[in-house]
Amino acid sequence: MVSFTLFEGDYPVVKQTASQEQSKSHEAPLRGFETLVYLACATKQNGACDGFSCTSDDGQSLLDTLILSQWEERAWMGRLSYDVTSCETKQIVGGMKLTAQLNEEWNSNFLKEFEKKAFQSSGGIIKPSYIKNNQEEILFCVSSGERERSVLVPFVATPQEGTLIIVNANPIEYGHIFLVPYCHHKRTQSIGGALQLITQIADEVDNLSFRMFYDYLATNTDRTYFQASYFANPLPVELLPIIPIYGSLIDGIQILEVADYPLNALVFASNNLRKLADVVGEICSTLQHRNTVFNLLISDCGTKMFLFPQVHLPVTGHHLHAWECGGYFIYRKSLDFDNASEKEISKCLASVSIDAEGFQSLKQLCCGITAKLS
Numbered sequence: 004m005v006s007f008t009l010f011e012g013d014y015p016v017v018k019q020t021a022s023q024e025q026s027k028s029h030e031a032p033l034r035g036f037e038t039l040v041y042l043a044c045a046t047k048q049n050g051a052c053d054g055f056s057c058t059s060d061d062g063q064s065l066l067d068t069l070i071l072s073q074w075e076e077r078a079w080m081g082r083l084s085y086d087v088t089s090c091e092t093k094q095i096v097g098g099m100k101l102t103a104q105l106n107e108e109w110n111s112n113f114l115k116e117f118e119k120k121a122f123q124s125s126g127g128i129i130k131p132s133y134i135k136n137n138q139e140e141i142l143f144c145v146s147s148g149e150r151e152r153s154v155l156v157p158f159v160a161t162p163q164e165g166t167l168i169i170v171n172a173n174p175i176e177y178g179h180i181f182l183v184p185y186c187h188h189k190r191t192q193s194i195g196g197a198l199q200l201i202t203q204i205a206d207e208v209d210n211l212s213f214r215m216f217y218d219y220l221a222t223n224t225d226r227t228y229f230q231a232s233y234f235a236n237p238l239p240v241e242l243l244p245i246i247p248i249y250g251s252l253i254d255g256i257q258i259l260e261v262a263d264y265p266l267n268a269l270v271f272a273s274n275n276l277r278k279l280a281d282v283v284g285e286i287c288s289t290l291q292h293r294n295t296v297f298n299l300l301i302s303d304c305g306t307k308m309f310l311f312p313q314v315h316l317p318v319t320g321h322h323l324h325a326w327e328c329g330g331y332f333i334y335r336k337s338l339d340f341d342n343a344s345e346k347e348i349s350k351c352l353a354s355v356s357i358d359a360e361g362f363q364s365l366k367q368l369c370c371g372i373t374a375k376l377s
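My numbering puts the first residue of the sequence shown at 4, with every later residue one more than the last.
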């Protein structure tokens, strides 16, 4: 088992401490197998899973440990373009506590390059050649199981359906990964179908520092994949006041509006992950059919989802990533990093925000779909 220490911050997050000898010890189980498969339990329970502990001695979940140990191994193997833990970060002066990171090596085109490399040109299908030729980038696969407890097993081939966990060579934070739902020889799942397993992954990781992202930019219409990373502290948008507009946690799903933020945003919260995934998935599918640009931020172990609608800007093509919508910005130049201000970032957020009339229409749509499915 890889050893971990804690970041300082409001939320616990593991940080790399494994020696090279420890990292080498992870190579043996991978030899001879195309992938490791984490079979998610049908109903989450604590306990042992055929020799694999669902939680480590310090309470860390099996899936959380697996993600980070495999990600650290790839870092040691040189699969990452840089050490993101050495990048300077700062909290920008102002009431919103926006965050800036100086990362001179970050590749802003990494998503386009990943899509071109991993997906076929049409149909949203992941290339079989990518799975075959990029084993070092694929950490493992998550698939639904019928067992009462989750289990980690070696497979000589990837399952027919599941979610590939792939290292991101251009991380914006520690543990940055891609999560690619797939089905062999078929179109990738819609976001509605994918959210069921995605929220289960968030639940089983069981780490408040773990946040998932989804970007729908109207240019990747047939490619459904997520990203995730670990943050030592809450993202700025998570600290802002929220205004209830529909339902309550007692009834099942609550919809809230983020207050005092330049980018109009909604929050969906529920302890019923299946119902939450159904509702948000249906809302996102509707927005996709309308070709509406939007982002998702999934936090609090899958129980909270932030929805950020954006205006469609076909001329400039300027859209924000989900972590930027959350108030976390990357700067590649020292001067820009030094001069970053709340005023400047607020202007950037406001430039992609839908207007009041459009936001009101969106709220009505979300409340209507939630009422229909609840």
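Ideal placement from N, C-alpha and C gives every residue a C-beta, glycine not left out.
Proximity of residue i and residue j at Cβ, strictly below 7 Å
i	j	result
G284	I194	yes
C287	F311	no
C90	Y249	no
A43	Q230	no
A325	F213	no
A205	I301	yes
I95	A343	yes
Cutoff 8 Å; reference residue i; Cβ partners in own chain excluding five residues on either side
i	result
K278	G255, I256, L376 and S377
A172	R82, L83, S84, F113 and E140
F117	N171 and F181
L243	M99, V261, A262, D263 and Y264
E345	I95, V96, G97, G98, M99 and L101
S132	none
V87	N106, P174, I175, E176, Y177 and H179
Where the alpha helix (DSSP H) through residue i begins and ends
i	result
S288	L276 to H292
L1	For the chain, the structure presents residues 4 to 377; residue 1 sits outside this window and is missing.
Y85	Segment: none, Y85 is in no alpha helix (DSSP H) and carries neither H nor E.
A197	I194 to V208
I129	Neither: I129 is in no alpha helix (DSSP H) and is coded neither H nor E.
F117	F113 to A121
Q367	A359 to L376
E327	A325 to C328
Chain-order list of residues whose beta-carbon lies under 6 Å from that of residue i (same chain, five-residue window excluded)
i	result
Q123	K130
S26	Model confidence at S26 stands at a pLDDT of 33, short of 50, so the residue's coordinates are unreliable; what they give is reported in the following sentence. Excluding residues within five positions, the ones whose Cβ falls inside 6 Å are E76 and W79.
N110	N173
Y331	T102 and L238
K307	A272
L290	F297
V314	V355 and I357
K336	none
E360	none
Neighbourhood of residue i by C-beta distance below 7 Å, restricted to the same chain and skipping five residues each side
i	result
D209	S64, D67 and C304
D53	Confidence at D53 is low in this model, with a pLDDT of 38, below 50, so the placement of that residue should be treated as unreliable; the coordinate-derived value is given next. These residues qualify, in order along the chain: V154.
L198	A280, V283 and G284
E108	S84 and Y85
L220	V296 and H322
D13	Note on D13: pLDDT 39, under 50, position unreliable in the model; the coordinate value appears next. Closer than 7 Å at the Cβ level, and outside the excluded window around D13, lie N236 and P237.
I169	E140, I141, L142, I180, F181 and V183
W74	L142, V170, G178 and I180
F340	A103, L105 and Y334
D358	none
I246	L259, E260 and A262
L252	A272, S273 and N274
K93	A103
L352	P265 and L266
K120	Y133
D218	N298, H324 and A325
T373	Y249, G250, I256, I258 and V282
First through last residue of the beta strand (DSSP E) which encompasses residue i
i	result
G250	I245 to G250
Q138	Element bounds for Q138: n/a, residue is neither H nor E.
Q230	F229 to Y233
E345	It is not in any beta strand (DSSP E) - E345 instead sits in the alpha helix (DSSP H) that spans E345 to S354.
Q313	K307 to Q313
I258	Q257 to V261
L269	L269 to A272
Y334	Y331 to Y334
Paired residues, beta bridge with residue i - DSSP
i	result
G165	Y185
T92	Q104
P157	L39
S72	Per DSSP, none; premise fails for S72.
D218	N298
C144	V40 and L167
Y177	Y233
Fill in: At least three beta-carbon pairs within less than 8 Å, the segment 257-267 to the segment 355-369
Contact between the segment 257-267 and the segment 355-369 is present, because at least three Cβ pairs lie under 8 Å.
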